Amino acid sequence: MDNKHEILALLRSVASGQTAPEDALLELKTEPFADLGYAKVDFHRGVRQGAAEVIYGASKTAEQILGIVQAMEARDCRNILITRMDREKAEFVAASVALDYHADARLGIALPSPQPTLGSIVVCTGGTSDQPVAEEAALTAEAMGNQVTRLYDVGVAGLHRLLSNLEPLMSARCVIAVAGMEGALASVVGGLVDCPVVAVPTSVGYGANFGGLSALLAMLNSCASGCSVVNIDNGFGAGYLASMINQMEGLEGK
Numbered sequence: 001m002d003n004k005h006e007i008l009a010l011l012r013s014v015a016s017g018q019t020a021p022e023d024a025l026l027e028l029k030t031e032p033f034a035d036l037g038y039a040k041v042d043f044h045r046g047v048r049q050g051a052a053e054v055i056y057g058a059s060k061t062a063e064q065i066l067g068i069v070q071a072m073e074a075r076d077c078r079n080i081l082i083t084r085m086d087r088e089k090a091e092f093v094a095a096s097v098a099l100d101y102h103a104d105a106r107l108g109i110a111l112p113s114p115q116p117t118l119g120s121i122v123v124c125t126g127g128t129s130d131q132p133v134a135e136e137a138a139l140t141a142e143a144m145g146n147q148v149t150r151l152y153d154v155g156v157a158g159l160h161r162l163l164s165n166l167e168p169l170m171s172a173r174c175v176i177a178v179a180g181m182e183g184a185l186a187s188v189v190g191g192l193v194d195c196p197v198v199a200v201p202t203s204v205g206y207g208a209n210f211g212g213l214s215a216l217l218a219m220l221n222s223c224a225s226g227c228s229v230v231n232i233d234n235g236f237g238a239g240y241l242a243s244m245i246n247q248m249e250g251l252e253g254k
């Protein structure tokens with residue numbers, strides 16, 4: 001069982017008499033994780049957190065990544081996220097399983113499968129140089145079943161570019177603001193919208209930017225209420241958090 005929705009469907013099937021309790025128990029008793037030696041793949045994470053385990057690819061070999069994906073495939077997992085994945089590892093994995101690879105975001109989606117989406121999350125960037133981190137956030141959110149609108153290169157150096165996109169910003173359930181340099185975009189967006197803002201500092205900038213530290217500190221010190229901040233260049237973390245916010249609001253709205 002991959003997620004909460006599948007278990008709820010199983011329980012409803014038992015309640016309606018379509019599935020025998022013994023059959024449901026057998027399905028739920030399946031091993032909650034698989035020990036591959038180099039990794040313990042958590043199959044019940046979707047039950048606890050609403051999303052399947054995500055594979056961090058940077059420190060794993062291509063063989064290890066493929067082994068984890070195949071273990072998850074055997075348990076009917078789909079849309080498996082692989083973050084910080086280089087092209088060489090992606091080509092190795094893609095030779096054995098279906099993989100959508102996005103080189104700019106260094107992100108792969110193994111066993112991609114269509115799914116219903118909830119909306120909407122807006123991902124905006126200060127500049128074009130912030131786009132790889134923004135794409136990691138946007139693709140993560142989309143893989144987790146969210147409708148995403150991209151507003152790129154709308155930073156404070158030309159504020160009219162942001163203000164010309166007020167409609168999608170005002171209708172969003174969550175906004176991800178991705179910016180380097182001084183990181184001012186998150187504060188500006190936070191002062192415009194009535195939804196949570198997830199701020200992502202990037203390592204884009206000149207020497208005094210200190211590899212994203214100045215943007216991180218600026219976002220942490222934002223005077224706009226409702227802004228949360230993830231780590232430097234952590235597009236995945238922003239996309240995941242925004243998805244949780246959006247999914248919760250979507251459930252409340254039903």
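In the UniProt record's numbering, the protein residues as written are 1 to 254.
All C-beta atoms, glycine included, are put in the ideal place defined by N, C-alpha and C.
For clarity, every value in this text was computed on a predicted model and none was experimentally measured.
Where the alpha helix (DSSP H) containing residue i begins and where it ends
{"i": "residue 67", "result": "62–74"}
{"i": "residue 143", "result": "131–143"}
{"i": "residue 93", "result": "87–94"}
{"i": "residue 156", "result": "Here residue 156 belongs to no alpha helix (DSSP H), and DSSP marks it neither H nor E."}
{"i": "residue 190", "result": "185–190"}
{"i": "residue 214", "result": "213–220"}
{"i": "residue 167", "result": "166–170"}
Status (buried if at least 16 other CB within 10 Å, exposed otherwise) for residue i
{"i": "residue 22", "result": "exposed"}
{"i": "residue 174", "result": "buried"}
{"i": "residue 16", "result": "exposed"}
{"i": "residue 187", "result": "buried"}
{"i": "residue 162", "result": "buried"}
{"i": "residue 81", "result": "buried"}
{"i": "residue 72", "result": "buried"}
{"i": "residue 158", "result": "exposed"}
{"i": "residue 91", "result": "exposed"}
{"i": "residue 61", "result": "exposed"}
{"i": "residue 172", "result": "buried"}
{"i": "residue 116", "result": "exposed"}
{"i": "residue 243", "result": "buried"}
{"i": "residue 212", "result": "buried"}
{"i": "residue 36", "result": "exposed"}
{"i": "residue 12", "result": "exposed"}
{"i": "residue 223", "result": "exposed"}
{"i": "residue 87", "result": "exposed"}
{"i": "residue 74", "result": "exposed"}
{"i": "residue 231", "result": "exposed"}
{"i": "residue 114", "result": "exposed"}
{"i": "residue 167", "result": "exposed"}
{"i": "residue 66", "result": "buried"}
{"i": "residue 181", "result": "buried"}
{"i": "residue 95", "result": "exposed"}
DSSP bridge partner residues for residue i (one or two, in chain order)
{"i": "residue 102", "result": "107"}
{"i": "residue 177", "result": "124, 199"}
{"i": "residue 227", "result": "197"}
{"i": "residue 150", "result": "123"}
{"i": "residue 97", "result": "Note: residue 97 sits in no beta bridge, so no partner."}
{"i": "residue 245", "result": "According to DSSP, which records beta bridges pairwise, residue 245 is partnered with nothing at all."}
{"i": "residue 56", "result": "83"}
{"i": "residue 118", "result": "146"}
Residue i: first and last residue of the uninterrupted beta strand (DSSP E) it sits in
{"i": "residue 81", "result": "80–83"}
**Study point:** contact_flag[the region 205–212, the region 137–155] where n(CB pairs < 8 Å) is 3 or more
**Key:** no
Practice item. Evaluate the contact criterion for the region 230–238 versus the region 128–144: three or more CB pairs, one atom per stretch, below 8 Å. Key: yes
Exercise for review: Determine, using beta-carbon pairs with one atom in the region 115–130 and one in the region 98–106, whether at least three such pairs fall under 8 Å.
Suggested key: Under the 8 Å Cβ criterion, the region 115–130 does not count as touching the region 98–106, having fewer than three qualifying pairs.
Point to revise | Contact between the region 238–248 and the region 165–181 (3+ Cβ pairs under 8 Å) | key: These segments touch.
Practice item. Would you be able to state if there are at least three C-beta pairs under 8 Å between the region 194–203 and the region 218–232? Key: yes
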